[in-house]
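*Asks:* So that we are looking at the same thing, I have put the structure below in structure tokens.
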Amino acid sequence: MKTKKMTEGNPFQTIFVFAMPMILSNLFQQFYNVIDTLIVGNRLGKDALAAVGSASSITAVFVQLAMGLAIGASIVVSQYFGAGKTDKIRSCASTSAIFSGVVGLISTIIMWIWAEPILLMTNTPPEIVGMGVDYLRFYFLGSVPIFVYNALSSVYNALGNSKTPLKFLIISSVTNVVLDLVFIVNFQWGVAGAAAATALSQVLAMILALIDVPKLLSGFERTEKAVAFDGRLLLTMLRFALPSALQQSIISVGSVVVQATINSFGSAVIAGSAAAAKVINLASAIPINYANAYASYVGQNVGARKLERIRPGLFSSIFCCGGISLVITVIFEIYAEPIIRMFVSETDADMMQVVTVGAEYVRVVGAFLVLFSVMMLTKATFKGAGDMFWFIFVTLLSFVVRLILTVGLAGTFGVDIIWWAFAIGWIFSLAFSVGRYVQGGWKKKEVG
Numbered sequence: 047m048k049t050k051k052m053t054e055g056n057p058f059q060t061i062f063v064f065a066m067p068m069i070l071s072n073l074f075q076q077f078y079n080v081i082d083t084l085i086v087g088n089r090l091g092k093d094a095l096a097a098v099g100s101a102s103s104i105t106a107v108f109v110q111l112a113m114g115l116a117i118g119a120s121i122v123v124s125q126y127f128g129a130g131k132t133d134k135i136r137s138c139a140s141t142s143a144i145f146s147g148v149v150g151l152i153s154t155i156i157m158w159i160w161a162e163p164i165l166l167m168t169n170t171p172p173e174i175v176g177m178g179v180d181y182l183r184f185y186f187l188g189s190v191p192i193f194v195y196n197a198l199s200s201v202y203n204a205l206g207n208s209k210t211p212l213k214f215l216i217i218s219s220v221t222n223v224v225l226d227l228v229f230i231v232n233f234q235w236g237v238a239g240a241a242a243a244t245a246l247s248q249v250l251a252m253i254l255a256l257i258d259v260p261k262l263l264s265g266f267e268r269t270e271k272a273v274a275f276d277g278r279l280l281l282t283m284l285r286f287a288l289p290s291a292l293q294q295s296i297i298s299v300g301s302v303v304v305q306a307t308i309n310s311f312g313s314a315v316i317a318g319s320a321a322a323a324k325v326i327n328l329a330s331a332i333p334i335n336y337a338n339a340y341a342s343y344v345g346q347n348v349g350a351r352k353l354e355r356i357r358p359g360l361f362s363s364i365f366c367c368g369g370i371s372l373v374i375t376v377i378f379e380i381y382a383e384p385i386i387r388m389f390v391s392e393t394d395a396d397m398m399q400v401v402t403v404g405a406e407y408v409r410v411v412g413a414f415l416v417l418f419s420v421m422m423l424t425k426a427t428f429k430g431a432g433d434m435f436w437f438i439f440v441t442l443l444s445f446v447v448r449l450i451l452t453v454g455l456a457g458t459f460g461v462d463i464i465w466w467a468f469a470i471g472w473i474f475s476l477a478f479s480v481g482r483y484v485q486g487g488w489k490k491k492e493v494g
């Protein structure tokens, strides 16, 4: 079987080997998002870049919802696998994929009907609303694949297989870049071409996963009662998934409010922040995915009742991931302007303002990447153990602090407070996460 038990062996090596393919998978995913932005900014100009940036905060609502739903399957499958209850894993995988696909279809319908009103509600400048609508509608043609792929990918990760999703995303990412060039440069489809390229690449990733999943699960025994859609298993998964999905959606909706604040500063600021956000997302993919790998490690060891392996796993992960983040911080502090300049056409009149805004964003947020890494890994303990109240609480706390500072102070202190709000929110979240970890209540939250 293409699975891996993480309940034995050196914790550092176990997590590191498992985490690297996950990190590379997400880096490839973020990479083609960066390529999208580079091509849009250089070929279509500042307004097109601003339109994609404004729309991206809305697409993030649904992407985070997909990831939140997938967390339920990941927690349940990892703990069942660690406890040796493998007869339920097939139904977990199919039930999660079917339910996620239905939610994805509903998301597509919503966006095709209400794309324009949503953009107008977020203070999107009138001159870029049309491009934003085109981007959203074509992007959401790939909504069902996004939801289904996330559900299936979470099963791979829960079973200790992070290499296969990496292969899928490499293929998907390369396809996305090629289609970007074809649709935007050759066919001149504008921002709709960028969105269509992303949607088609997501379809490809989903198809590859659907073909391979039966091979992944072929070694698990079947039971006479096993069905493709199991209502009881769905309820078990939703016990973990819904709080996480709700938390992710609240954060994403709040991010739309933050984007509306950014939008009020004009197209140049929107474009600069959009470019910087892609860069920061690329960097934060490392701690986020290292934390996801560590959470699967926690889930399997909690299921196997080997709690003594959690602390060395956490500390070794902080050491490794924190070190990588420190290197990235140094790069951002030195090369912020050249990095942002890559996203901007030299012919744009507001090029210098775009670069200034983007560079400040990268420098401020980048300075706290090590702290972000420690926070993400510490709270991942709660996710892996099924302690969802605390996982959601510390995540929401970080965002609520950021939202209050952004909406309440941006008018007084200017756009820079938006970048500083990230760091202040992370500090609050880390403090409470460490407190909960030391208190130890997360040790009693396994699926059962």
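The sequence shown begins at 47 in my numbering and counts up one residue at a time.
Even for Gly, the Cβ is constructed at its ideal location relative to N, Cα and C.
(1) Going by the CB atoms, is the gap between valine 190 and glutamate 162 shorter than 8 Å?
(2) Buried or exposed, going by whether 16 or more other CB atoms sit within 10 Å of the CB of tryptophan 472?
(3) Cβ atoms of threonine 441 and serine 419: under 8 Å apart, would you say?
(4) Here's the rule I'm using: 16 or more other beta-carbon atoms within 10 Å means buried, otherwise exposed. How should glycine 87 be labelled?
(5) If the criterion is Cβ atoms closer than 8 Å, does the pair valine 249 and glycine 188 meet it?
(6) Reducing DSSP to helix, strand and coil, say where valine 461 ends up.
(7) What are the boundary residues of the alpha helix (DSSP H) that includes serine 153?
(8) So alanine 341 and lysine 429 are supposed to be a Cβ contact under 8 Å. How far apart are they, rounded?
(9) Go through its chain and collect everything with a Cβ distance to valine 416's Cβ below 7 Å, but skip five positions before and after it.
(10) Going by DSSP, what residue range makes up the alpha helix (DSSP H) through glutamine 384?
(11) If I measure Cβ to Cβ from tyrosine 181 and keep anything under 8 Å in the same chain, skipping five residues before and after, which residues do I get?
(12) For the 8 Å Cβ check, are there 3 or more pairs between the segment 200-214 and the segment 62-73?
(13) For tryptophan 160, does the count of other Cβ atoms within 10 angstroms reach 16, so buried, or fall short, so exposed?
(14) Rounded to whole angstroms, what's the CA-CA distance from isoleucine 121 to glycine 91? Just pull it up for me.
(15) Using DSSP with H/G/I as helix, E/B as strand and the rest coil, what is tryptophan 235?
(16) Nearest CA to the CA of alanine 245: which residue from Val223, Phe266 and Leu263?
(17) Could you have a look at glycine 486 and say whether DSSP puts it in helix, strand or coil?
(18) Flag this pair as yes or no: are the beta carbons of serine 313 and proline 171 separated by less than 8 Å?
(19) Classify proline 37 as helix, strand or coil using the three-state DSSP reduction.
(20) Can you name, in chain order, every residue of its own chain whose Cβ lies under 6 Å from the Cβ of alanine 467, other than the five neighbours on each side?
(21) Pair every Cβ in the segment 402-414 with every Cβ in the segment 384-391, then say whether three or more of these pairs are closer than 8 Å.
(22) Can you tell me the Cβ-Cβ gap for serine 26 and leucine 423, rounded? I've got them flagged as a contact below 8 Å.
(23) Do tyrosine 343 and methionine 52 come within 8 Å of each other at the CB atom, strictly closer than that value?
(24) Determine the direct distance from the alpha carbon of arginine 351 to that of isoleucine 308, and round the result to whole angstroms.
(25) So threonine 427 is in the alpha helix (DSSP H); what residue range does that whole segment cover?
(26) For chain B, is any of its Cβ atoms less than 8 Å away from the one on methionine 113?
(27) Report buried or exposed for alanine 320, applying the criterion of at least 16 other Cβ atoms within 10 angstroms of its Cβ.
(28) Beta-carbon separation of asparagine 196 and methionine 113 under 8 Å?
(29) Could you tell me the alpha carbon to alpha carbon distance between methionine 464 and alanine 456, rounded to whole angstroms?
(30) Go to threonine 221, then tell me how far its alpha helix (DSSP H) extends in each direction, as first and last residue.
(31) Any chance you could list the alpha helix (DSSP H) runs of at least 4 consecutive residues sitting entirely within the segment 53-119, in chain order?
(32) Within 10 angstroms of its Cβ, does methionine 177 collect 16 or more other Cβ (buried), or is it exposed?
(33) To the nearest angstrom, how far is it from the Cα of isoleucine 155 to the Cα of phenylalanine 439?
(34) Quick one: does the C-beta of alanine 242 sit closer than 7 Å to a heavy atom of the ligand NAD?
(35) So which of Phe311, Ala339, Phe435 and Ala477 has the shortest CA-CA distance to threonine 458?
*Replies:* Walking through what the data contain:
(1) no
(2) buried
(3) no
(4) buried
(5) yes
(6) coil
(7) 135-167
(8) 5 Å
(9) Gly368, Ser371, Leu372 and Thr375
(10) In the sequence on display, residue 384 carries proline and not glutamine. Run containing proline 384: 356-387, per the alpha helix (DSSP H) assignment.
(11) Ala97, Val98, Ala101, Val237, Ala238, Ala240 and Ala241
(12) yes
(13) exposed
(14) 43 Å
(15) coil
(16) Val223
(17) coil
(18) yes
(19) Residue 37 lies beyond the stretch modelled for the chain, which goes from 47 to 494, so this question has no answer here.
(20) Arg448, Leu451 and Thr452
(21) yes
(22) Since the first residue of the chain shown is 47 and the last is 494, residue 26 is not available in this structure.
(23) yes
(24) 47 Å
(25) 415-431
(26) In the structure shown, chain B does not exist; there is a single protein chain.
(27) buried
(28) yes
(29) Just to set this straight, residue 464 is isoleucine in the shown sequence, not methionine. Looking at the two C-alpha atoms, the distance is approximately 7 Å.
(30) 209-226
(31) 57-85
(32) buried
(33) 31 Å
(34) Ligands displayed in this structure: none; no statement on the ligand NAD is therefore possible.
(35) Phe311
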